[in-house]
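Residue numbers (this note's numbering): 76 to 270. Have a look at the structure below, then the notes.
In structure tokens:
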């Protein structure tokens, strides 16, 4: 019997751990079909969606959606462009996308320091048209694609918010009319290893 941890057993040719993990996760994550909200679905079909989401939230805490109206080609292109941006070795180009010094929200590129508990890179975007948005010049179509994706996500977000409101027994517009963000950051009680 091999006593090495699984990540040290080697990687058989053609094996992709990320794809395997995604396939395994997708088998367990509740999937909700939103098509009744994007075509003339009956009230019974819509109520089934609300019930499915309620059950998923109670039993799992989350769910994934299909038939949400966001074009697959747009999502694929956005992922491809984001990957190209973040994998670019040109750190100077990334730094040109950093937030404006007096911006109320740090829109643009940023990176958590290493060592950090959350070492990552990210690009924050505000609604299209905001003069605080900062986009990289390359890839050239980055801004256009991300702004379109933002608009699509906004539309689907409104639909999902209305469904979640119904799940909670609230009027469909309850979450859209009320915006609350509550965050709690715990103080670090002891020094932990970072990285």
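From the three backbone atoms N, C-alpha and C, an ideal C-beta is built for every residue, glycine too.
Exercise. Give the secondary structure of residue 106 by DSSP, where H, G and I count as helix, E and B as strand, and everything else as coil.
Key: Indexing the chain shown from 1 puts residue 106 at position 31. In this structure, residue 106 counts as strand in the three-state DSSP scheme.
Inset, instruction - Could you tell me the distance, in whole angstroms, from the CA atom of residue 235 to the CA atom of residue 115? - result: As a first step, residue 235 must be located in the chain shown, where it is residue number 160. As a first step, residue 115 must be located in the chain shown, where it is residue number 40. So the two alpha carbons sit approximately 17 Å from each other.
Inset, instruction - Taking all protein chains shown into account, decide if residue 244 is buried (16 or more other Cβ within 10 angstroms of its Cβ) or exposed. - result: Position 169 of the chain shown, counted from the first residue, corresponds to residue 244. With a threshold of 16 other beta carbon atoms within 10 Å, residue 244 falls short and is exposed.
Note to self: I'd like to confirm the pairing. Which residues does DSSP put opposite residue 196 in its beta bridges?
What the structure shows: Position 121 of the chain shown, counted from the first residue, corresponds to residue 196. In the DSSP assignment, residue 196 forms a beta bridge with 186.
| query | Secondary structure at residue 238, three-state DSSP: helix, strand or coil? | reply | Taking the chain shown and counting its residues from 1, the one referred to as residue 238 is at position 163. Residue state, collapsed to three classes: helix.
Note to self: Quick check: the Cα distance between residue 253 and residue 246, rounded to an integer number of angstroms?
What the structure shows: Here residue 253 corresponds to residue number 178 of the chain shown, with the count starting at 1. Here residue 246 corresponds to residue number 171 of the chain shown, with the count starting at 1. For the pair residue 253 and residue 246, the Cα-to-Cα distance works out to about 12 Å.
| task | Figure out for me which residue from 173, 178, 123, 143 has the closest Cα to the Cα of residue 224. | result | For the purposes of this step, residue 224 is taken as residue 149 along the chain shown, with counting starting at 1. Of 173, 178, 123, 143, the residue nearest in Cα terms is 143.
In this structure, how does DSSP classify residue 140 when only helix, strand and coil are distinguished?
Here residue 140 refers to the residue found at position 65 when the chain shown is read from its first residue. Reduced to three states, the DSSP call for residue 140 is strand.
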